[in-house]
Amino acid sequence: MIYKTEEIRHWLALSSIPNIGIVGLLETASLLNTSLSAITSLHREQLLDLDWSSEQIACLSEPHPFTEVCKKWLNTEANRYIITYECDAYPEQLKAISQAPLILYVHGDYTLLKAPQLAVVGSRHPSVSGLNSTQKIVEQVSRRSSLAITSGLALGIDAQSHKVALASGAPSIAVLGNGIDVVYPKRHASLYKEMIEKGLLVSEFPPSVLPNPKLFPRRNRIISGLSLGTLVAEARIKSGSLVSAKYAMEQGREVFAIPGNIENPLAKGCHHLLKQGAKLVEDAQDIFDELNLYPAKLEQKQGTKKNANQCLASPSLLDSVKTASTCDASNASSDEMAISSEACTHNQVLAAIDFDVTPIDVIAKRSGKPISILLTELLEYELRGLVASTSEGYLKLRA
């Protein structure tokens, strides 16, 4: 069935009922021996008998503000779909979690929803070693298996994961914490477009919904829920990446972590997970072993498009990753731009140094600064306790 405006409104109404999630809706449908989509047609008395409030019942008949927005979004461009919980295209892997989203807005190759997936998450402001480790593991997974790489399109590890997967010829899925048509962060506009062309964008939020920190944890449960396991590449103790790992554990999925230098605060989240029983990952084989996958024979469990109308609404990589230290001074005053430029320069140098010994020529190459200038700056950082010098180079002492 191809959803018409009225059908879209029904599903939006179900998704907006306060204090009744998917579990409550499924229970209601089961007790009344009906489908989810038919709940909007039930009599008021039937719902009152099930202890629905007047406010909840009213949501079923009130006009939903996103109805026309969704209709317009569907008809503007190809490969846009609304997939509901009752669709054949809705992934069973996601349906198995306790708080599965009622609606998925997708743009791209929707059959990837049913592909076996590995979630890769981590810091928005990763170290160079964290980016290198992510590139190594994702390349191995992408080239040796049929696993799709799923992440959140955020800065840092997320972007690195998507880019490496696509560059390796593997599919990648980005789960957004905002409306499906909103590019966030803005600097990922080209990556957003590439994901549509070669992978898939997914969101449970209707078009035009702006980014909000409160929405990101909801996004994280979908990232882990779609996947067989979640790999945490680099993360602080208090971070969204550990929220994703927590969801994965609660969902009965595997959790993997890449260890790091004990002095690196970005490694502490991974070390915490390892203490809790996460699988230590040094290369892709560690992941394959834990998931009991044989890469050469890994079957791609994708849905087919033959019944699409029954359930869909449709009308070097390291150098490309910008870390947290990148400054945006496009709208700043001249004084602010001068300060911002100086801060960027310092941060670029620090970002070029690992928590392991980094040779001076490597620092120069990464930062784009001549060694003669670097030596002066590095001496300043050493006096401030930010770095330490050795006979082989420099190592970062703290972030």
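Note that this note's numbering has the sequence shown beginning at 1085, numbered continuously upward. Just so it is clear, CB atoms sit at the ideal spot from N, CA and C, and this is done for glycine as well.
Item, Value
"Is the distance from the Cβ of glycine 1261 to the Cβ of asparagine 1296 below 9 angstroms?", "yes"
"Rounded to the nearest angstrom, what separates glycine 1163 and arginine 1337 at their Cα positions?", "According to the sequence provided, residue 1163 is asparagine. The question's glycine does not apply to it. Cα to Cα, the separation comes out at about 30 angstroms."
"My understanding is that alanine 1258 touches glycine 1236, with C-beta atoms under 8 angstroms, so please give their C-beta distance in whole angstroms.", "7 angstroms"
"Between which two residues does the beta strand (DSSP E) holding alanine 1249 run?", "Unbroken run through alanine 1249 is the alpha helix (DSSP H), 1241 to 1251; no beta strand (DSSP E)."
"Let me make sure I understand the geometry here. Which of Glu1129, Pro1102 and His1094 has the alpha-carbon closest to that of leucine 1120?", "His1094"
"Applying the criterion that 16 or more other CB atoms from any shown protein chain within 10 Å of the CB defines a buried residue, is valine 1107 buried or exposed?", "exposed"
"In the DSSP output, which residue or residues are listed as bridge partners for threonine 1059?", "Any property of residue 1059 remains undetermined from this structure, which presents the chain solely from 1085 to 1483."
"Once DSSP output is grouped into helix, strand and coil, what is the label at isoleucine 1101?", "coil"
"Assuming contact is defined by CB atoms lying nearer than 9 angstroms, are leucine 1058 and isoleucine 1167 in contact in what I supplied?", "No answer is possible for residue 1058: it lies beyond the span of the chain, which begins at 1085 and ends at 1483."
"Are the beta-carbon atoms of glycine 1353 and arginine 1305 separated by less than 9 angstroms?", "no"
"Below 8 angstroms, can you find three or more Cβ-Cβ pairs linking the region 1271 to 1278 to the region 1139 to 1155?", "no"
"Would you say the region 1300 to 1316 touches the region 1150 to 1163, given that touching needs at least three Cβ pairs under 8 angstroms?", "no"
"Going by other Cβ atoms of all chains shown within 10 Å of its Cβ, with 16 needed for buried, is glycine 1309 buried or exposed?", "buried"
"Given that a residue counts as buried once 16 or more other Cβ atoms are within 10 Å of its Cβ, and exposed if not, what is serine 1099?", "buried"
"In chain order, what residues of the same chain lie with their CB nearer than 8 angstroms to the CB of glycine 1452, ignoring the 5 residues before and after it?", "Gln1432"
"With a 10 Å radius around its C-beta and 16 neighbouring C-beta atoms as the bar for buried, classify isoleucine 1181 as buried or exposed.", "buried"
"Is serine 1125 helix, strand or coil by DSSP?", "helix"
"Are the beta-carbon atoms belonging to leucine 1250 and glycine 1283 less than 9 angstroms from one another?", "yes"
"What's the gap between the Cα of asparagine 1216 and the Cα of serine 1114?", "50 angstroms"
"Indicate the three-state DSSP secondary structure (helix, strand or coil) for serine 1475 in the structure shown.", "coil"
"Residues in the same chain with beta-carbon distance under 7 angstroms from lysine 1381, minus the five sequence neighbours each way, listed in chain order, please.", "With a pLDDT of only 44 at lysine 1381, under the threshold of 50, the placement of this residue in the model should not be trusted, and no figure is reported."
"Buried or exposed: glycine 1361, going by 16 or more other Cβ atoms within 10 Å of its Cβ?", "exposed"
"With DSSP as the reference, please indicate the residues paired to arginine 1486 in a beta bridge.", "Nothing in the structure corresponds to residue 1486, since the chain is present only between 1085 and 1483."
"Taking leucine 1285 as part of the beta strand (DSSP E), name the residues at either end of that continuous run.", "1284 to 1287"
"Applying the 10 Å Cβ sphere with the 16-neighbour rule, what's the burial state of lysine 1480?", "buried"
"Does leucine 1459 pass the burial test, meaning 16 or more other C-beta atoms within 10 Å, or should it be called exposed?", "exposed"
"From the DSSP output, in three-state form, read off threonine 1151 for me.", "helix"
"Taking 8 angstroms as the limit between beta carbons, can you name the residues of its chain near lysine 1406, skipping five residues before and five after?", "Reliability of the predicted coordinates at lysine 1406 is poor, the pLDDT of 33 falling under 50, and no value is obtained from them."
"To the nearest angstrom, report how far apart glutamate 1347 and arginine 1482 are at their CA atoms.", "7 angstroms"
"In terms of residue numbering, what span does the beta strand (DSSP E) encompassing glycine 1214 cover?", "Unbroken run through glycine 1214 is the alpha helix (DSSP H), 1212 to 1228; no beta strand (DSSP E)."
"What is the DSSP secondary structure of lysine 1179, reduced to helix, strand or coil?", "helix"
"How big is the Cα-Cα spacing for leucine 1341 and phenylalanine 1289?", "This sequence places alanine at residue 1341; leucine is not what is there. In a straight line, the C-alpha of alanine 1341 is about 29 angstroms away from that of phenylalanine 1289."
"Just reading off the beta strand (DSSP E) that threonine 1168 is part of, what are its end residues?", "1164 to 1168"
"In its own chain, which residues sit with a C-beta less than 6 angstroms from the C-beta of isoleucine 1141, not counting the 5 before and 5 after it?", "Arg1128 and Leu1131"
"Give the range of the beta strand (DSSP E) segment to which serine 1256 is assigned.", "1256 to 1259"
"Using alpha carbons as the reference points, say which of Asn1345, Ile1457 and Asp1373 lies closest to phenylalanine 1439.", "Asn1345"
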